[in-house]
Structures are given as structure tokens and as C-alpha cells.
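Here's the structure, in C-alpha cells; my notes come after.
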Amino acid sequence: MFDREKWAEIFDTIGKNKLRTVLTGFSVFWGIFMLIILLGGGRGLRNGFEYDFRNTAVNSINIWGGQTSVPWQGLPVNRDIRLTMQDLEAIRHGIPGLEHISGEYRLWRGRSQLNYGENYGNFTIKGIQPEYRMLEQQTVIAGRFINEVDLADARKVIVIAEDAQESLFKDEDPLHKWLQVNGIPFEVVGIYQFESGGRGQNQSSSVFIPLTTAQRVFNAHNDVDRIAFSFSESTLAGSKMAEQRAIGILA
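Taken in order, the sequence shown gives residues 2 to 252; the numbers are from the numbering used here.
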């Protein structure tokens with residue numbers, strides 16, 4: 002039932018306290034507005050992280066070399082720490098439940114020129130092992146990925162992405178064609194799906210060659226820039242255990 006006297010008293014009180022009413026209303030509005038901003042920002046940050054790691058196995062760990070930050074047993078700070086194939090094999094055999102592992106070597110630590118005939122483009126060239134595909138969840142849309150035979154024979158084969166296909170080959174089928182990687186011929190054996198968006202919107206893709214080829218042809222010797230591996234235990238406790246074991250192996 003509508004109580005006219007009660008509503009008249011409410012509006013009378015509001016009319017007598019206009020400043021208090023305005024400030025109270027603004028405070029409520031501002032609180033709701035900031036809540037919406039914080040919730041939206043948090044959701045956007047979460048979506049950004051999910052997008053950046055959308056192709057990375059959730060139960061994986063990545064190890065990079067770097068520089069020391071403290072002296073140790075008479076050795077100075079800022080010493081370069083390089084990862085090697087021996088480190089990779091030690092991790093492979095030293096962590097129980099390990100599923101996939103791959104080394105990665107990035108040529109010249111930046112972009113390199115690829116060319117096919119008169120067409121060229123700059124791309125990041127990575128020497129990898131076959132299991133890299135499982136760790137980064139690459140989707141091959143034509144041909145094949147790097148395999149064990151490529152690795153064993155250090156073959157000069159290369160897997161490119163769709164953007165490299167468009168830049169270098171235009172409308173031509175690139176499979177089994179030979180392109181130049183800084184003047185060295187490589188046969189295209191596969192094409193993988195490349196998704197660009199967000200922060201990577203203006204970035205070109207990476208192209209992949211066998212790790213052994215990168216080490217032999219481009220004088221990388223026994224080095225790797227990154228070791229990535231995944232394990233069967235996908236819980237937080239399992240990842241902590243794998244992390245501590247990896248630290249113990251490499252220490």
C-alpha cells in the first residue's frame with residue numbers, strides 16, 4: 002500500500018539536506034563505478050594472460066640461461082650461464098613423470114632474413130626438437146613438423162607459418178620448395194597455423210629448423226637458449242616438485 006505521508010517525509014528530508022543527498026549519491030555512484038572498473042580490469046588482465054599462453058602446455062616449465070647476481074665460491078657476479086644439451090639430457094632422465102622435453106636455440110638472438118626468389122621477410126628462426134610441437138601446441142596445416150630423422154641427420158629443412166607463406170611464396174605452394182636462410186638453402190616441409198593478435202598483432206611468426214642443424218650449420222655448438230618440458234602431474238604440488246628437481250639437477 003502506498004504511504005503518502007512516509008514518502009512526503011522522505012522528500013522533505015532530502016529537500017532540507019540537498020548537499021548531503023548529492024554527496025551520498027555521488028559516493029554510491031563512485032563506489033559502483035570503481036567496482037566495475039576493477040572487475041573489468043581484472044578480467045581483462047586474466048584474458049590477456051590466457052591469450053598469451055593459449056598455445057603453451059599448462060603443465061610445462063621453461064628454463065633459460067642468464068647471468069649470476071651473487072658471487073659464489075670466489076666466482077664474480079654477472080657470469081653468463083649457458084645451457085647445454087647435457088643439461089637437457091640430465092633433466093630428461095632426472096625428473097620422474099616427464100612427458101615431453103625440447104631444447105630451443107634462437108639464431109642470432111633476433112630476426113633473420115628469409116628469401117625466396119625476389120621475395121623476402123624477417124622472421125625469428127628457432128632450432129627445436131620434435132617434442133616442441135607438444136609443448137607449444139603448434140597446429141600443422143600442411144606438410145609435417147620437424148621429426149627425429151631431421152634431428153638425427155641435421156637436415157636443412159624448415160617449417161614456416163602462414164604469414165611467412167604469404168610473404169615469401171604469395172599464391173605458390175611452398176611445400177618442398179627451397180628458400181634461403183641468410184644465404185643457406187632450406188627445404189620447406191611444413192606450414193603451421195599462426196595466430197596474431199593482442200600484443201603480437203604486428204609481430205611476424207617464428208620459423209623452425211632442427212636443433213642439430215642450428216647447432217652445426219650456425220656454429221651454436223652444444224648450446225641451447227631454453228629448455229622446456231612438461232610433466233604428467235598437473236597440480237601445484239607436482240609443479241613445485243618438478244621445479245625443485247630441475248634446480249637441483251642444474252645447480
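Glycine residues also receive a C-beta, built at the ideal position from the N, C-alpha and C atoms.
Fair warning: this is a prediction, and the values are worked out from it, not measured in the lab.
Span of the alpha helix (DSSP H) around residue i
i    : result
T125 : No alpha helix (DSSP H) holds T125; the beta strand (DSSP E) holding it covers 120-129.
R217 : 212-218
Three-state class that DSSP yields for residue i in the structure shown
i    : result
A9   : helix
I37  : helix
G199 : Caution applies to G199, whose pLDDT of 46 falls short of 50 and renders its modelled position unreliable; the value that the coordinates give is listed next. In this structure, G199 counts as helix in the three-state DSSP scheme.
A162 : strand
V23  : helix
E137 : helix
I147 : coil
I228 : strand
T14  : helix
G32  : helix
H101 : strand
I1   : Residue 1 is absent from the model: the chain starts at 2 and stops at 252.
L108 : strand
G43  : helix
Neighbour-count burial assignment, residue i, 16 or more Cβ in a 10 Å radius
i    : result
H101 : buried
T69  : exposed
A153 : exposed
R200 : With a pLDDT of only 47 at R200, under 50, the local geometry of the prediction cannot be trusted, and no value is derived from it.
A162 : buried
K127 : buried
D81  : exposed
R21  : exposed
S233 : exposed
V158 : buried
D174 : exposed
G191 : buried
I37  : exposed
Q194 : exposed
V78  : exposed
S231 : buried
Q216 : buried
Q202 : Note that Q202 has pLDDT 48, beneath the 50 cutoff, so the model's placement of it is unreliable and no number is given.
L212 : buried
T214 : buried
D34  : The sequence shown places Phe at residue 34, not Asp. Counting Cβ neighbours within 10 Å, F34 comes out exposed, since fewer than 16 surround it.
Whether residue i touches residue j by CB criterion (8 Å)
i    : j    : result
N116 : Q166 : no
V160 : K178 : no
W65  : R227 : yes
D224 : L84  : yes
S313 : N63  : Since the displayed the chain opens at 2 and closes at 252, residue 313 lies outside it and no answer follows.
Opening and closing residue of the beta strand (DSSP E) in which residue i lies
i    : result
A243 : From DSSP, A243 is part of no beta strand (DSSP E) but of the alpha helix (DSSP H) over 237-251.
L180 : 179-182
N63  : 61-65
E173 : No beta strand (DSSP E) contains E173, which DSSP labels as neither H nor E.
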